[in-house]
Amino acid sequence: MTQKALNFILALLGTFTAVPGVLEILFALTGRTFSWGKIGFQGDFTLWRGLILLASGVFYFSAIYIPGRTEKRAQAVLASLMIWIVGGMRLLSIFLESIPGGKGRWLSTASGFLDSYSGPFIPAIFLLPLSIAFVVIVLKREGKNEE
Amino acid sequence: MNLDPEERWRLIDRVTRETVEYGAEKTTIKSTLAELTVKPFTGIPFAVAVLYGFWAFFNAFAGFFTDGFFVPLFDEHWLPWIQEVFPFEGSWLYYVLVGDPAATNSFEAFGILTSGLFVAIGVVLPAIVAFYLVITVLEDSGYMPRLAVLVDTVLHKIGLHGFAVVPMILSLGCNVPGVASTRTLETKKQRFMMMILLSIFIPCGAQLGVMLSLIPQYFGYIMIYLLAGFFVFGWILNKVVPGSSPEIMTDVPPFRIPTISNVSRKLWVKVKGFFTNAIPFVLFGVGLVNLLYLGGVINWLSNLLGPVFVGWFGIPKETVAPLIAGFLRKDLAVAQLSAIEMSGFQLITSVVIISIYFPCIATFSMIIKEGRKSGGVIKVLGGSLLTLATVVFLWGGLLHLIGIILGVT
Chain A
4 MTQKALNFIL
14 ALLGTFTAVP
24 GVLEILFALT
34 GRTFSWGKIG
44 FQGDFTLWRG
54 LILLASGVFY
64 FSAIYIPGRT
74 EKRAQAVLAS
84 LMIWIVGGMR
94 LLSIFLESIP
104 GGKGRWLSTA
114 SGFLDSYSGP
124 FIPAIFLLPL
134 SIAFVVIVLK
144 REGKNEE
Chain B
-12 MNLDPEERWR
-2 LIDRVTRETV
8 EYGAEKTTIK
18 STLAELTVKP
28 FTGIPFAVAV
38 LYGFWAFFNA
48 FAGFFTDGFF
58 VPLFDEHWLP
68 WIQEVFPFEG
78 SWLYYVLVGD
88 PAATNSFEAF
98 GILTSGLFVA
108 IGVVLPAIVA
118 FYLVITVLED
128 SGYMPRLAVL
138 VDTVLHKIGL
148 HGFAVVPMIL
158 SLGCNVPGVA
168 STRTLETKKQ
178 RFMMMILLSI
188 FIPCGAQLGV
198 MLSLIPQYFG
208 YIMIYLLAGF
218 FVFGWILNKV
228 VPGSSPEIMT
238 DVPPFRIPTI
248 SNVSRKLWVK
258 VKGFFTNAIP
268 FVLFGVGLVN
278 LLYLGGVINW
288 LSNLLGPVFV
298 GWFGIPKETV
308 APLIAGFLRK
318 DLAVAQLSAI
328 EMSGFQLITS
338 VVIISIYFPC
348 IATFSMIIKE
358 GRKSGGVIKV
368 LGGSLLTLAT
378 VVFLWGGLLH
388 LIGIILGVT
C-alpha cells in the first residue's frame, strides 16, 4: 500500500472518529440523546466516550503529516487501541446483558437474546473494522521494513 | 557514607556515564507505544480510555452477575425461603439473623443471613472479581507502572506518589479492596493518609451506580466537589501528619501480553483473601448495626443529630435516617435520600455528606484491620475519626455556605 493510500485511510479514520466524538460531547453537555439509523448517541459516560473519540481523531490526523516517523504511526495505533477499548467494552456489555432472563427466569429467550443486538449502537462500534484493518496494514508494513 | 538525594542522583549519573555503553537502538511501533503512554499529550487521553474501559468492564461484569443472577437468587429464592423456615419470628435473634420479616428484597431485610450475605456475595464479590481481574491484567501488561508515572507529579503535591493511583482506582469499585491495597504504599504516613482520603472522598461503585441512575443531573457537581476535597484535605494531611513521603524509583517494564495462568493464579489469591478476610467483617458489621437498632442507639442518634443537620448542613431532618443506614450501605442511603422532598442543592449536599460522613461498615472494618499494620489500631482509628469529624463539618458546612452565597439552598 502506498503512503498516499495510507494517508487517505488516516484522514478517513480521523474524520469518522473526531466528528462523532464532538457530537457525543455536545449531546452529553446538552443532556440530549440522538439516534440516526443504527447509530446512537446515548447511554452512560457519553461525555467520556466523546472525549476519547475526539482524542483518537486528533491522533489519526496528526499521524498524516509525518507518516514516515515511527512515533506518528504508533500514535495512530494508540488511537485505534482507544477505539477498541470503547467499542469492545460496549460489545461485551451488550453480550452480557443479552444472557440473563430477568424476573421469573434465569436465561433470556432466543428472541430476547437477539433483540439485544438490534441497536442503536455507539459510534465506536462502527469504527472497529476500519481501525482493525488500519493496524493490520501498519504492522504488516513494519514487518516488511524489518525484513 | 551519608548522601542527600541530590548528591545520590549525581553519583548515580557519574557511575552511569563511566560504566554504561549505549548501542544503536531500533525503534519499533511496540517500543514507541510504550513511550507514548507516559507522555502527557498521548498518555493522558490513553489513560482516560483505559479508565473508561475499566469502568465499562466493571459495570458489564458486575451487572451481569449481580443484577442478572444474584438479585433473582437472593430476592426470589433465598429471602422467601429463609423468612419461612427460620424459627423464632419476632425474637431478637430473628431480627439480627433474618431481619425484617416483611421485607421483599435482600437490600431492605437487614439481617446477617439476608442483607449480610447478599451484600458480601451478591454485590461486593462480583465487583471485587471484576476489579481484581482488570487490575491484574493492567499490572501484568506493564501498564500500571506507566499510569503511576503519569499521575506521579499531581499526587506528589499531597505527599503521595504515583502508585497511590491503584487504591484510588480500586476504591471506585469498592472501598474495601482500596483500603487493603494501601499496604503497597511505603510509609505509615502514606498508608494512613490514603486510607482516610479514599474512604471519605472516593465513592464506591455501588454508590456511583445509584447516583448515576437516580440523580444523573447532579453527578458531575458531586464528583468535582469530592475530588476537590480529596486534594485539599490531602494537602492539609500531608502538612499535619508526621512521617515521611519518600520518592520512589520504579522500573517501567516493556508491554507484555498477560498469560492466562498468571492472571488466574493472582486473581484466585486475591479473591481467596476477600473470602477469608472481608466477608466475616461484613457479616459482623450487619449484626452490629442490627443490635444498635434493637438497643435504640440509632434512634437516639437520629434525635441527637437532627438539629446539627438542619442548622449546619442545611439539609432536612429526615435525612438522618438514610445517613445512619449509609453506615451499612451507602448506595442504599442515596436511594433513600432521593425519596425525600428537598431542593436540588440540598440533595447534592446530602449525597456529599453521605459520602464523607463515615465509611461504610465494610470499609470501616477494613480500616481497623489494616490499622494494625499502619501504626496501631488506636492511633489509626483515633486519627481517622478526628479527620472524619473535621472533614464533615468543614467540607459539608462549606457546601452549605456556597449554597447560601449562590442563593440556591
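Which chain is which? The protein sequence lines are A and B, in order.
Here our numbering is used: the first residue of the first sequence is 4, the next is one more, and so on.
Here our numbering is used: the first residue of the second sequence is -12, the next is one more, and so on.
Beta carbons: idealized from backbone N, C-alpha and C, even for Gly.
Predicted, not measured: the structure shown is a model, and the values here were computed from it.
| query | Hey, is B:Val138 close to the ligand SAM, as in C-beta under 7 angstroms from one of its heavy atoms? | reply | Looking for the ligand SAM in the displayed structure turns up nothing, as the structure carries no ligands at all.
- Which ranges would you report for the alpha helix (DSSP H) in the region 348 to 383 of chain B if only whole runs of at least 4 residues count? 348 to 358, 364 to 378
*Local Cβ density within 10 Å of B:Asn290, reported as buried at 16 or more and exposed below that*: exposed
_DSSP three-state label for B:Gly394, please._
coil
Looking at chain A, is there any beta carbon in it that lies within less than 8 angstroms of the beta carbon of B:Trp42?
yes
*Could you say which of B:Glu71, B:Trp299, B:Asn162, B:Ser232 lies nearest to B:Leu381 if we only look at CA atoms?*
Closest by alpha carbon: B:Trp299.
Check: Using a Cβ cut-off of 7 angstroms, which residues of the region 71 to 90 of chain A contact any Cβ in chain B, in chain order?
Finding: The region 71 to 90 of chain A vs chain B, Cβ under 7 angstroms: Thr73, Glu74, Arg76, Ala77, Gln78, Val80, Leu81, Met85, Ile88, Val89.
Which chain B residues sit within Cβ distance under 8 angstroms of A:Glu27? Ordered by position in chain B, no residue passes the 8 angstroms Cβ test against A:Glu27, which lies about 12 angstroms from the chain.
**Message:** Please tell me whether B:Pro32 has its Cβ less than 8 angstroms away from any Cβ of chain A.
**Reply:** Residue-level contact check: B:Pro32 touches chain A, since one or more beta carbons of chain A fall below 8 angstroms from its beta carbon.
I want to verify the contact list: residues of chain A whose CB lies under 7 angstroms from the CB of B:Leu20, in sequence order. Chain A residues near B:Leu20: Ala77, Val80, Leu81.
Taking 8 angstroms as the limit between beta carbons, can you name the residues of its chain near B:Asp139, skipping five residues before and five after? His148, Gly149
Rounded C-alpha distance that separates A:Val139 from A:Thr5 | 15 angstroms
In terms of residues, what are the limits of the beta strand (DSSP E) holding A:Ile42? Counting along the chain, the beta strand (DSSP E) containing A:Ile42 begins and ends at 42 to 44.
Counting Cβ pairs, one atom from each stretch, are 3 or more of them under 8 angstroms apart for the region 160 to 177 of chain B and the region 101 to 115 of chain B?
-> yes
Check: For the alpha helix (DSSP H) that contains B:Ser342, what are its first and last residues?
Finding: 331 to 344
Please tell me whether B:Gly103 and B:Val273 are closer than 8 angstroms, where the distance is taken between their beta carbons.
yes
* Indicate whether at least one CB of chain E lies closer than 8 angstroms to the CB of B:Asn46. => Included in the structure are the protein chains A and B, with no chain E among them.
*Classify B:Met236 as buried or exposed, calling it buried when 16 or more other Cβ atoms lie within 10 Å of its own Cβ.*
By the 10 Å Cβ count, B:Met236 comes out exposed.
Notebook entry, point to check: For B:Ala90, which option in B:Ala107, B:Gln70, B:Leu100 has the closest C-alpha, if you only look at C-alpha atoms?
Noted result: Looking only at B:Ala107, B:Gln70, B:Leu100, the smallest Cα-Cα distance to B:Ala90 is reached by B:Gln70.
- Whole-angstrom distance between B:Phe105 and A:Thr73, CA atom to CA atom: Going from the Cα of A:Thr73 to the Cα of B:Phe105 covers about 52 angstroms.
Check your understanding: Do we get a CB-CB distance below 8 angstroms when we pair B:Thr123 with the residues of chain A?
Key -> no
When you compare the CB of B:Ala107 with every CB in chain A, is at least one pair closer than 8 angstroms? no
Exercise. Anyone know if the C-beta pair for A:Ala77 and B:Leu23 falls short of 8 angstroms?
Worked result: yes
Using the C-alpha atoms, what's the distance from A:Ile97 back to A:Tyr120?
7 angstroms
Note to self: Distance check for A:Ala66 and B:Arg25, CA to CA, integer angstroms please.
What the structure shows: In the sequence under discussion, the amino acid at residue 25 of chain B is Val, which differs from the Arg named in the question. Each residue's Cα considered, the two are about 18 angstroms apart.
Against chain B, does A:Arg93 count as a neighbour if the rule is that its beta carbon must be under 8 angstroms from one of theirs? yes
Check your understanding: Looking at C-alpha atoms only, which residue of B:His143, B:Lys253, B:Leu137, B:Ser352 is the closest neighbour of B:Pro27?
Key -> B:Leu137
#### Entry: Separation of B:Phe296 from B:Tyr344, as counted between CA atoms
11 angstroms
For A:Thr36, count neighbouring Cβ atoms within 10 angstroms of its own Cβ and tell me buried if that reaches 16, exposed if not. Result: exposed.
Cβ distance (whole Å) where B:Asn225 is taken to contact B:Met180 below 8 angstroms = About 7 angstroms separates the two Cβ atoms, so the contact holds.
Query - Against chain B: residues of the region 114 to 131 of chain A by CB proximity under 9 angstroms - result: none
Give a yes or no on whether 8 angstroms exceeds the smallest Cβ distance from A:Ile102 to chain B. At least one chain B Cβ lies under 8 angstroms of A:Ile102.
DSSP three-state label for A:Gly107, please.
coil
Taking C-beta pairs closer than 9 angstroms, name the residues in chain A that B:Gly55 reaches, listed in chain order. Leu99, Glu100, Ile102, Pro103, Gly104, Gly105, Trp109
Q.
According to DSSP, simplified to helix, strand and coil, what is A:Gly91?
A. helix
| said: Measuring straight from C-alpha to C-alpha, what distance separates A:Gly107 and B:Phe217? | reply: Roughly 44 angstroms separates the two Cα atoms.
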